[in-house]
Every structure is written in C-alpha cells, then in structure tokens.
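Q: Okay, here's the structure, questions in a sec.
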Amino acid sequence: MQVSQDIQELRKIRNNSDNCLFMLIGWWILFVIYDKCLHLLLRRMHYGLIKRRRIIDALWCTGFTFLSALYVKFLVPKSVDNACIFDKPRYLELGIVFHKSFYLHRTGVEIVYHGDWLSGWTSLMFCLIIHSSSQLKWFDIIMNLLFFKATSMSLMNTCRILSIILTRERLIAVKALLGIYFTNMIYVHTLVVPDFTLWNARGLKNDVLTLVCMWLWLLMEFLHEVKSIRRGYVHPEQFLNSYLFVPSSRGSIELRETCMKLRELSSDKMSDNFETKKSAQLWQTLS
124 MQVSQDIQEL RKIRNNSDNC LFMLIGWWIL FVIYDKCLHL LLRRMHYGLI KRRRIIDALW
184 CTGFTFLSAL YVKFLVPKSV DNACIFDKPR YLELGIVFHK SFYLHRTGVE IVYHGDWLSG
244 WTSLMFCLII HSSSQLKWFD IIMNLLFFKA TSMSLMNTCR ILSIILTRER LIAVKALLGI
304 YFTNMIYVHT LVVPDFTLWN ARGLKNDVLT LVCMWLWLLM EFLHEVKSIR RGYVHPEQFL
364 NSYLFVPSSR GSIELRETCM KLRELSSDKM SDNFETKKSA QLWQTLS
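So the sequence shown is numbered by this note's numbering: it starts at 124 and just counts up by one.
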C-alpha cells in the first residue's frame, strides 16, 4: 500500500514538472506574439522605442497579476489547508504550476531583456518559495504570498503605465499610487510576511530550503527598493522616471540615437526631393 502511494506521488511530481515546462514554453510563445503585436500598435500611436518596451512590459505584468488576484480570491477557498486534508484539488495544482512557470519566465525576462539580475534573482527566489511550500502542502501560506505579490506588482506597474501616458501636470495620480504602494510594501514585508511565515509555528523552521529562500527573497526585495530609490536621488530632476524604470543600457541608447539619425536623414532626403521636384515644375512653367 505504501509503495503504491509513493509511486502515485512520484507520478504527480513528474506530471507537475512536465506541466510546468510546457506552461513555461507557452508563456514565452505568448509573450513573443504579444510583444510583436503591441509593438506594431504602439508604433502607429507614435510612441518611442523605449516607451513602447516599458508599456509592453508593464501591461504584461499587470495582466498576469489581475488573473492571479482573481484566482486567489474567487477560485481558492478561504482555508486551503482544511480543504486539502484528504486530497489536493486539481485546480490547485494547476494554479501553483501556473504561477511557478510565470515567475520562472519572469526571471528570464528580467535578466535577458532588461539585464536586471537583482530582479531576476528575486523572481527566482519567489518561485522556489512557491515550489517548496507546495511540496510541504502549506497552501494557505502560498495563497497569501501570491495575493500580496499580485497587489504589489499591480500597483507598481500601474504607476509605470500612468507615468508614460500622462503629462507632467497630471503625475499627481502616480505619486498617490506610489504612496499606496510604499504603504502596502512596508506593511506586507515587515509585518505580514514575517509574522505569517517566518515566525509561524507550523514547522517552517524545520524546512531549511523554504526558510532560506524566504529570507533571501525579503532581503532582495529590500535591496531592490533601496537601489530604485538611490537611482531616483542620483537624478532628482527625473526622480519618478529613475525610480520606476531601470536605466536604458548602452546598446538601447545607441539604438535610439541611430533611429533618430535615420529619421533625420529620411526627412532631409524627402525635403530635398520635394525641393528638386518643385524647382523642376517651376522651370517647366517658365519655359
């Protein structure tokens, strides 16, 4: 009997690993299609290259956090651990795989696309927390962490979108949202998460991997905020922009300068062609 249960458990782990891999590939395919389509749309709306990239990334994260919050609030019972005493529901497994695969995908996006290693490692640590907690069947902890993370990400990315599309006179809305974001972050990271997970007498202290990942995740979140605030104070005239966005890489700056030069050359060439055509018409009229 015990052997058959172990075999079933191994099969579940293997199936979850396969599902996570397939869903991770699906995230990348969907992201590439989404990126191409939105690039074309925003280009027609005359947004610059860097603004297009920032809007695309922020909308992608906001869409995911919206789905994540809906999942946690409406598809998961209030006490998940009590509901899973005898059997773990299928939707719960799929939901955990859904979130793990996204944060793995997000790790790659932060490192490969943005060159932001700190944010990439932060996402990876959060993914490891979800994985190890799900193996130990601490589902209440997972669902609370997922909701806190979704709230924080949605506030930050909404601020990023508004800071791009609004004029400077209307940035008061962004500042108000940032105030809510800071309040939520301080409350969650200093009170809720340590009290609910790190100091919780549920055997978490006996699991070294989850405990280490939790502390590392909190430390990296703190370092990320310190780094962002420091960027803002280095460029006080553009504090919001410097705080909300990672500075453009040298390659991105060179690409933008090249695009501007090509645009100027194209406009000069069109102007010369227009003047030549106009002169030819004038000579034809005079003759």
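Glycine is no exception: its CB is placed at the ideal position from the N, C-alpha and C atoms.
(1) Arg-176: buried (16+ other C-beta within 10 angstroms of its C-beta) or exposed?
(2) Say whether the region 286 to 297 touches the region 246 to 256, bearing in mind that this needs 3 or more beta-carbon pairs closer than 8 Å, one atom from each stretch.
(3) For Ser-275 and His-347, which I take to be in contact (beta-carbon distance under 8 Å), what is that distance rounded to the nearest angstrom?
(4) Let me confirm a value: Asp-180 is counted as buried when at least 16 other C-beta atoms fall within 10 Å, else exposed. Which label applies?
(5) I'd like the span of the alpha helix (DSSP H) that includes Met-343, first residue to last.
(6) Buried or exposed: Met-168, going by 16 or more other Cβ atoms within 10 Å of its Cβ?
(7) Roughly how many whole angstroms lie between the Cα atoms of Ala-299 and Leu-278?
(8) Only counting the same chain, and skipping five residues up and downstream in sequence, which positions put a Cβ closer than 7 Å to that of Cys-143?
(9) Secondary structure at Phe-209, three-state DSSP: helix, strand or coil?
(10) Apart from the five residues on each side of it in sequence, which residues of its chain come closer than 7 Å, Cβ to Cβ, to Leu-341?
(11) Looking at C-beta atoms only, is the number of pairs between the region 253 to 266 and the region 328 to 337 that lie closer than 8 Å three or more?
(12) Leaving out the 5 sequence neighbours to the left and right, which residues in its chain are closer than 6 Å to Cys-184 when beta-carbon positions are compared?
(13) Take Phe-271 and list the residues in its own chain whose beta-carbon comes closer than 6 Å to its own, dropping the five residues that flank it on each side.
(14) To the nearest angstrom, how far is the alpha carbon of Val-488 from that of Leu-190?
(15) Quick one: Cα of Leu-215 to Cα of Ile-309, how far?
(16) Can you tell me which of the three DSSP states Asp-263 falls into?
(17) Can you give me the Cβ contacts of Arg-293 inside the same chain, cut-off strictly under 6 Å, excluding the 5 residues immediately before and after it?
(18) Please state the DSSP three-state secondary structure of Asp-239.
(19) For Thr-230, does the count of other Cβ atoms within 10 angstroms reach 16, so buried, or fall short, so exposed?
A: According to the data block:
(1) One-based indexing of the sequence shown puts residue 176 at position 53. With 16 or more other Cβ atoms within 10 Å, it is buried.
(2) no
(3) Within the sequence shown, the letter at position 152 stands for residue 275. Within the sequence shown, the letter at position 224 stands for residue 347. Ser-275 to His-347, Cβ: 11 Å. No contact.
(4) One-based indexing of the sequence shown puts residue 180 at position 57. Result: buried.
(5) For this step, residue 343 is matched to residue 220 along the sequence shown. Run containing Met-343: 331 to 357, per the alpha helix (DSSP H) assignment.
(6) Position 45 of the sequence shown holds residue 168. Exposed is the call here.
(7) Residue 299 sits at position 176 when you count from the first residue of the sequence shown. Residue 278 sits at position 155 when you count from the first residue of the sequence shown. Distance between the alpha carbons of Ala-299 and Leu-278: 11 Å.
(8) Here residue 143 refers to the residue found at position 20 when the sequence shown is read from its first residue. Once the five neighbours on either side are set aside, the close Cβ partners of Cys-143 are Val-220, Lys-223, Ser-224.
(9) Walking along the sequence shown from the start, residue 209 turns up at place 86. Bear in mind that the predicted position of Phe-209 carries a pLDDT of just 46, short of 50, making it too unreliable to give a figure here.
(10) Reading the sequence shown from its first residue, position 218 is the one you call residue 341. Counting only Cβ-Cβ distances below 7 Å, and skipping sequence neighbours, we find His-312, Val-316.
(11) yes
(12) Residue 184 sits at position 61 when you count from the first residue of the sequence shown. Cβ neighbours of Cys-184 beyond the five flanking positions: Met-276, Asn-280.
(13) Here residue 271 corresponds to residue number 148 of the sequence shown, with the count starting at 1. For Phe-271, where only same-chain residues beyond five positions count, the Cβ hits under 6 Å are Val-311.
(14) Nothing can be reported for residue 488: it is not among the residues displayed for the chain, which extend from 124 to 410.
(15) Counting from 1 along the sequence shown, the entry for residue 215 is found at position 92. Counting from 1 along the sequence shown, the entry for residue 309 is found at position 186. Going by the C-alpha atoms only, they are around 29 Å apart.
(16) By one-based count along the sequence shown, residue 263 stands at place 140. Helix, per DSSP.
(17) The count along the sequence shown starts at 1 and reaches residue 293 at position 170. The answer is none, since no qualifying residue turns up.
(18) Within the sequence shown, the letter at position 116 stands for residue 239. Coil.
(19) Reading the sequence shown from its first residue, position 107 is the one you call residue 230. That one is buried.
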